[in-house]
Amino acid sequence: MKSKLFILSLTLLASLASCGQNGSSSSEPEKKMLASWNETSASSPVAVLKQFVRNATDEKSDKFIPVSKRVAVFDMDGTLYGELFPTYLEYLMFIHRAKYDETYHADSETLALANELESLADSHTYPSGTDMRHALAAAKAYAGMTLKEFNDYCVSFFKKTPDGFENMTYGTAFYQPMAEVVDYLHVNDFQVYVVSGSDRFICRALCCDYLHIPENHIIGMDVRLAATGQGDNEGVNYTLKDTDKIVRTEDLLIKNLKFNKVAQIIQEIGIQPVLSFGNSGGDTAMHVYTKTNNPYPAEAFMLVADDDVRDYGVPEKAAKLAADWQEKGFQVVSMKNEFKTIYSPEVRRTSRTK
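Heads up: take any position in the sequence shown, counting from 1, add 8, and you land on this note's numbering.
Following this line, the structure appears as structure tokens:
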């Protein structure tokens, strides 16, 4: 699918770009690029997005946004990428590392957390503070790996088939309609960033090739990096040697959720986004920042996992979230109603094996 989207981008680039420059627009390129969406009315999320982009790229419009200010930020898990097979990708990787990786011997505390996460996976509900407990334990579990070793470890794990699906791997478990949105924004000269609570290097290994997003547009959870010859020296007191390798340490720098997402956007991007896409309370701060006191038009979209046929959504929970987010002024995307297909068309939901 990713190659098809990329080829389509190249094919439609000239036509879409010219639409933005002269103030006119053609629905045919948009229709081809956003083919996995249901556009039921002028107020449907995809219609709102398309009108926003038409205005932003029309120099004659009072809602025109200069190219340099066209920044869009996306959460990853549950927004661009599946998180219900049956739980977050980085949790599944950690469980594999602690319990099933024969090259790694987890201590009792790490193993206990892995068992807990595995037992709670189906309910997708975790005690308060679980995200930080996992972040600290995951930092320790991968400490000592070089960046290449960690990337290779991720890529190897991505080849596995998600529990409960067929014709899909973790490496291809993106929401097709959202991948189309990324592609559509790229063609219209938006800078697209992933701003995730997951490990930055997991996100890079997963998103960069598939979504054609450069490495420096990926923001996520971070651990401290060190040189192998550094020892106990602080980085400010150590000069890198040509014999050194760069490795992950067990020191967590930041768990990129809630306000931390806003702070990271300000520090790493330096431009207030005009579009924000998320799916949970951890993304609300990012949305509020995008829409508050913005010198340009801005919009925020929240996905709700309400499809329990093609995916493992929970309609009752989704309805409550949708009502709350609509009240906050966010565009609510119902995966059940707005998505013609959630994953690639050949993907099938099956009975869970665990």
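Glycine included, each C-beta is placed from N, C-alpha and C at the ideal position.
Are there 16 or more other CB atoms within 10 angstroms of the CB of residue i, so buried, or fewer, so exposed?
| i | result |
| --- | --- |
| residue 105 | buried |
| residue 185 | buried |
| residue 217 | exposed |
| residue 75 | exposed |
| residue 120 | exposed |
| residue 80 | buried |
| residue 214 | buried |
| residue 38 | buried |
| residue 339 | buried |
| residue 29 | Note on residue 29: pLDDT 42, under 50, position unreliable in the model; the coordinate value appears next. It is exposed - the Cβ of residue 29 has fewer than 16 other Cβ atoms within 10 Å. |
| residue 113 | exposed |
| residue 140 | exposed |
| residue 34 | Only weak support is given to the placement of residue 34: the predicted model assigns it a pLDDT of 48, under 50, and the question is left unresolved by the model. |
| residue 32 | Low confidence applies here, because residue 32 scores a pLDDT of 38, under 50, leaving its location unreliable and the question unanswered by this model. |
| residue 73 | buried |
| residue 311 | buried |
| residue 356 | exposed |
| residue 196 | buried |
| residue 244 | exposed |
| residue 264 | buried |
| residue 8 | Residue 8 falls outside the range modelled here, since the chain spans only 9 to 362, and no answer is possible. |
Grab the span of the alpha helix (DSSP H) containing residue i for me, first residue to last.
| i | result |
| --- | --- |
| residue 127 | 116 to 128 |
| residue 440 | Within the shown structure, residues of the chain are numbered from 9 to 362, placing residue 440 beyond reach of any answer. |
| residue 327 | 323 to 335 |
| residue 153 | Taken as a continuous stretch (DSSP letters only), residue 153 belongs to no alpha helix (DSSP H), as it is neither H nor E. |
| residue 293 | 292 to 299 |
| residue 344 | 343 to 346 |
Tell me the DSSP secondary structure of residue i in three-state form.
| i | result |
| --- | --- |
| residue 284 | strand |
| residue 265 | coil |
| residue 260 | strand |
| residue 105 | helix |
| residue 318 | coil |
| residue 254 | strand |
| residue 238 | coil |
| residue 80 | strand |
| residue 276 | helix |
| residue 201 | strand |
| residue 61 | helix |
| residue 33 | Note that residue 33 scores 45 on pLDDT, short of 50, meaning its location in the model is unreliable and no value can be drawn from it. |
Please list the terminal residues of the continuous beta strand (DSSP E) segment that includes residue i.
| i | result |
| --- | --- |
| residue 309 | 307 to 312 |
| residue 50 | Element bounds for residue 50: n/a, residue is neither H nor E. |
So what does residue i bridge to, in DSSP terms?
| i | result |
| --- | --- |
| residue 182 | 89 |
| residue 229 | 207 |
| residue 357 | 173 |
| residue 340 | 310 |
Return the chain-ordered list of same chain residues with a C-beta closer than 7 Å to the C-beta of residue i, the five sequence neighbours on each side being excluded.
| i | result |
| --- | --- |
| residue 270 | 293, 294 and 297 |
| residue 83 | 203, 204, 285, 286, 287 and 291 |
| residue 261 | 230, 231 and 232 |
| residue 144 | 260 |
Tell me which same chain residues have a C-beta within less than 6 Å of the C-beta of residue i, skipping the five on either side of it?
| i | result |
| --- | --- |
| residue 167 | 177 |
| residue 344 | 314 and 315 |
| residue 276 | 227 |
| residue 162 | 210 and 213 |
| residue 193 | 80 and 200 |
| residue 126 | 103 |
Once you ignore the five residues that flank residue i on each side, which residues in its own chain have a CB closer than 8 Å to its CB?
| i | result |
| --- | --- |
| residue 359 | 172 |
Between residue i and the ligand GDP, is there a pair consisting of the residue's CB and a ligand heavy atom that are separated by less than 7 Å?
| i | result |
| --- | --- |
| residue 101 | Ligands are entirely absent from the displayed structure, and the ligand GDP is therefore not among its contents. |
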